[in-house]
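Q: This is the structure I have questions about; it appears just below.
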Amino acid sequence: MTAEPLRTQWWDDAESRADYGVSYVVVYELDEHGVEVPAAWAGWIQELDLDQRFWNGAGGVEIVLRCCNNYVRHGFRNRTPDLYQLAYRHRHEHVVAKLGLPAYSYLYEQPIPLHLPDGWEYHTPIDQPGESRARPGGELHRWWEMRRPACATA
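Here the sequence shown stands for residues 71 to 224, numbered as in the working numbering.
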């Protein structure tokens with residue numbers, strides 16, 4: 071996932087890249103040469119809530135789950151349109167729901183409806199998305215911070 075040109079495409083499309091310590095659910099598909107390659111993935115990492123996203127007023131620092139680096143590679147998006155959902159669903163069922171930690175993620179508009187039924191909520195106001203570009207003159211990305219409160223583990 072860190073080899074070129076994939077690394078640059080991933081950054082340009084999602085302003086995201088493989089981070090140290092992040093674990094991934096990876097969906098493999100056959101490429102145009104019949105080689106099994108990573109086609110989609112969804113990452114997560116447990117971290118201290120140093121920004122107090124979920125501060126409860128009692129003091130102390132919580133462990134939170136950052137869900138990150140959700141991506142479907144070029145060439146697989148139209149061919150297998152449910153790849154994002156496969157990676158997301160596996161991460162949600164086997165990591166997010168099982169750990170039950172408070173969680174946060176930054177999402178573009180398209181995948182948000184997939185997250186809402188699983189308890190994710192907008193933290194960024196719906197009409198005030200964050201905006202950024204991977205590089206000067208690059209595509210404008212609009213994103214929302216989503217949060218999911220701690221819940222009973224599955």
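Using N, Cα and C, we set each Cβ at its ideal position, and we do this for glycine too.
(1) What residues in its chain sit with their C-beta under 7 Å from that of V95, if we drop five residues either side in the sequence?
(2) So, at 8 Å on beta carbons, what are the nonlocal neighbours of D89 in its own chain, with the 5 sequence-adjacent residues on each side left out?
(3) Say whether the region 172 to 183 touches the region 200 to 217, bearing in mind that this needs 3 or more beta-carbon pairs closer than 8 Å, one atom from each stretch.
(4) When you compare each of T78, D82 and P75 to R203 by their alpha carbons, which one comes out closest?
(5) Classify Y141 as helix, strand or coil using the three-state DSSP reduction.
(6) Can you give the Cα-Cα distance for R136 and R217, rounded to whole angstroms?
(7) Using 8 Å for Cβ pairs, my map puts Y98 next to V107. What's the rounded Cβ distance?
(8) At which residues does the alpha helix (DSSP H) containing Q198 begin and terminate?
(9) Look at the Cβ atom of E132, then the Cβ atom of D119, and state whether they are nearer than 8 Å.
(10) What does a CB cutoff of less than 8 Å around Q155 pick up in its chain, not counting 5 residues either side in sequence?
(11) Buried or exposed: which applies to W125, given that a residue is buried once 16 or more other Cβ atoms fall within 10 Å of its Cβ?
(12) What span of residues does the alpha helix (DSSP H) with R159 cover, start to end?
(13) With DSSP collapsed to three states, give me the class of V107.
A: Once the coordinates are examined:
(1) If you number the sequence shown from 1, residue 95 lands on position 25. W111, A112, A157, H160 and R161, listed in sequence order.
(2) Position 19 of the sequence shown, counting from 1, holds the residue named residue 89. Closer than 8 Å at the Cβ level, and outside the excluded window around D89, lie G113, I115, C138 and N139.
(3) yes
(4) Locating residue 203 in the sequence shown gives position 133, where the first residue counts as 1. If we check each option's Cα against that of R203, D82 comes out closest.
(5) The count along the sequence shown starts at 1 and reaches residue 141 at position 71. Correct three-state label for Y141: strand.
(6) On the sequence shown, residue 136 is found 66 positions in, with the first residue counted as 1. On the sequence shown, residue 217 is found 147 positions in, with the first residue counted as 1. If you take the alpha carbons of R136 and R217, they lie about 9 Å apart.
(7) As a working note, residue 98 is residue 28 in the sequence shown. As a working note, residue 107 is residue 37 in the sequence shown. About 7 Å; that satisfies the 8 Å criterion.
(8) Numbered from 1 along the sequence shown, position 128 holds the residue referred to as residue 198. Element bounds for Q198: n/a, residue is neither H nor E.
(9) Position 62 of the sequence shown, counted from the start, is the residue given in the question as residue 132. Position 49 of the sequence shown, counted from the start, is the residue given in the question as residue 119. Yes, they are a contact pair.
(10) The residue given as residue 155 occupies position 85 in the sequence shown. Closer than 8 Å at the Cβ level, and outside the excluded window around Q155, lie L184.
(11) On the sequence shown, position 55 is the one that residue 125 refers to. Looking at its Cβ environment, which holds fewer than 16 other Cβ atoms inside 10 Å, W125 is exposed.
(12) Here residue 159 is taken as the residue at index 89 of the sequence shown, counted from 1. Looking at the DSSP string, the run of the alpha helix (DSSP H) that includes R159 is L153 to R161.
(13) For the purposes of this step, residue 107 is identified with residue 37 of the sequence shown, where counting begins at 1. V107 falls in the strand class under three-state DSSP.
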